[in-house]
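Numbering (my numbering), first residue to last: 463 to 995.
Listed below in structure tokens is the structure:
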């Protein structure tokens, strides 16, 4: 750090000019932002600023992990010196944390100053802003670095860099979209969040953004004595969290360092991919290979986006109110509709991405199509995977992204709608069961069609692959869905009984677990019996 910013006279002058100019720009930006802040916001403004600093520091440190940490010019030199590696790791870790916080210092200080002006904060609030910023950013910056080290175990350096950039941009845009809403629209959302996470209230002071917001509000309200407890909790939580972060980082550091050394920044992109892919475990390599092939299948992406747009439209009309009114205003029925939509539309759209459309268009008949689909599995057959790992690969490549998209829709409806947190938890569990069951069933039927079921006609095999998942959906989700619809549709009102509700709550997990077990055995057995020419 000293060699970069304060070694020569020119560096010192440049650093001072940047500090003075940045401070002036921050004050000017704060003056501009203060016109948009309502003094009635009170603690809400401080909570939003603390949340922005937290997530901005986390995502910035995640993006800086590879260029500023693993690929810093002096890291390899320091590791070669007779200095304990733990000390080198600690010093570099703190240096990257400081650099990450510098990346968000300008906008963060502008927001802190603007909020202080909005409620006429005393002078010591502004004096404490910079020390508060350095202390508060230690934890999120450390979490970002630790998260990046963990992600390097399951993805390449290029993928992590793209993910970090996307997450950083996405969180910043999301924050400004939320903070830019009028207070009368923002308060119900915050109240909703407080209701959902009310069970964490005894531990609220242990959450860094909450204790930081309390400290800022106490200083800005000219009540510094009330900020002593939040300050003490913030320091204790920061110290304890940093000890845990350092302990975990020591166990994650070397594998990430090895990965970044095997794919240096100057290496051509294709060679870097080969170097990164060669060190993946076979299971992860199989999943990544499938998705790389799917990325090239541009003809199928349109179908996926159409189904994804349908799922997003379902959530939009539920939040907008028209579809919710049709469902009798029942949030539980709306969540059930979201779960069913996610369990059907998303896996279907994702599965299309793995179908070689160009090759299938050249097939003359259904038998030839089945043969092409079967021969497309030869690459997986050549990998050093057990039969169970092959089935797990086929399941994960679809269920993992489908669950993320489905869970995002459920959480969006819970936060912006009127669903209870208990219903949201049940919806997430139900979504997991449906996705896993349908994926295992369809995989088992597909492999069965390529193996023991080859004697059947392609039309009969396709019919079975449609009917059996449909029967499972009716058996698993049918009773509970019927119970929810009985409270909406007048003609079904006699069916709304506690017995039907109980049977629905039992059948969903019971039938799903049974389907997973049967489908798994079918898939593993069919794969072992399959012969690919």
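Cβ atoms here follow ideal geometry from the backbone N, Cα and C, with glycine treated the same way.
The Cβ neighbour count for residue 673, taken over all protein chains shown within 10 Å, is at least 16; the residue is labelled buried. Residue 570 is a Cβ neighbour of residue 515, given a cutoff of 8 Å. Between the alpha carbons of residue 807 and residue 769 lies a distance of about 6 Å. Excluding five sequence positions before and after residue 913, the CB atoms of its chain that fall closer than 7 Å to its own CB belong to 988, 991 and 992, given in chain order.
Per DSSP, reduced to three states, the secondary structure at residue 671 is helical. For residue 872, the enclosing alpha helix (DSSP H) begins and ends at 849-878. The criterion of a C-beta distance shorter than 8 Å is satisfied by residue 939 and residue 802.
Assigned with DSSP and collapsed to three states, residue 941 falls in helix. Judged by pairs of C-beta atoms under 8 Å, the region 902-912 touches the region 924-936, as three or more such pairs exist.
Two segments are said to touch when three or more pairs of C-beta atoms, one from each, lie closer than 8 Å; by this definition the region 523-532 touches the region 615-632. Within the model, the alpha-carbon separation for residue 875 versus residue 539 is close to 51 Å. Contact between the region 699-708 and the region 595-604 is present: three or more C-beta pairs spanning the two stretches fall below 8 Å. Buried is the label assigned to residue 610, since at least 16 other Cβ atoms lie within 10 Å of its Cβ. Residue 692 has its alpha-carbon roughly 42 Å from the corresponding atom of residue 543.
Shortest Cα-Cα distance from residue 983 to any of 704, 971, 758 and 851 involves 851.
Boundaries cannot be given for residue 913, as no alpha helix (DSSP H) includes it and DSSP labels it neither H nor E.
In this structure, the beta-carbon distance from residue 681 to residue 590 falls below 8 Å. Following the DSSP letters along the chain, one finds residue 611 inside the alpha helix (DSSP H) bounded by residues 600-613.
Cα atoms of residue 608 and residue 717: separation of roughly 13 Å, rounded to the nearest angstrom. Excluding its 5 nearest sequence neighbours in each direction, residue 583 has C-beta neighbours in its own chain below 6 Å: 682, listed in chain order. Residue 533 sits in coil when the DSSP states are folded into three classes, being neither helix nor strand. Minimum Cα-Cα distance from residue 703 among the listed residues 629, 518, 547 and 599 corresponds to 599. CA-to-CA, the gap between residue 557 and residue 537 works out to about 12 Å.
Annotated as proximal: residue 766 and residue 815, with beta-carbon spacing under 8 Å. Residue 758 and residue 813 have their C-alpha atoms spaced approximately 14 Å apart.
Per DSSP, residue 528 lies in no alpha helix (DSSP H) and is assigned neither H nor E. Between residue 941 and residue 969, the gap from beta carbon to beta carbon is short of 8 Å. In the three-state scheme derived from DSSP, where H, G and I count as helix and E and B as strand, residue 507 is classed as helix.
Assigned with DSSP and collapsed to three states, residue 583 falls in coil, not helix or strand.
Here DSSP, grouped into helix, strand and coil, assigns residue 519 to helix. The DSSP-derived three-state label of residue 966 is helix. For the pair residue 486 and residue 588, the Cα-to-Cα distance works out to about 14 Å.
Contact annotation, residue 880 with residue 793: C-beta distance approximately 5 Å; criterion of less than 8 Å satisfied. Of the candidates 575, 773 and 513, the residue whose Cα lies closest to the Cα of residue 669 is 513. Boundaries for residue 688: no alpha helix (DSSP H) harbours it, and the DSSP string shows neither H nor E there. Taken through DSSP and simplified to helix, strand or coil, residue 563 comes out as helix.
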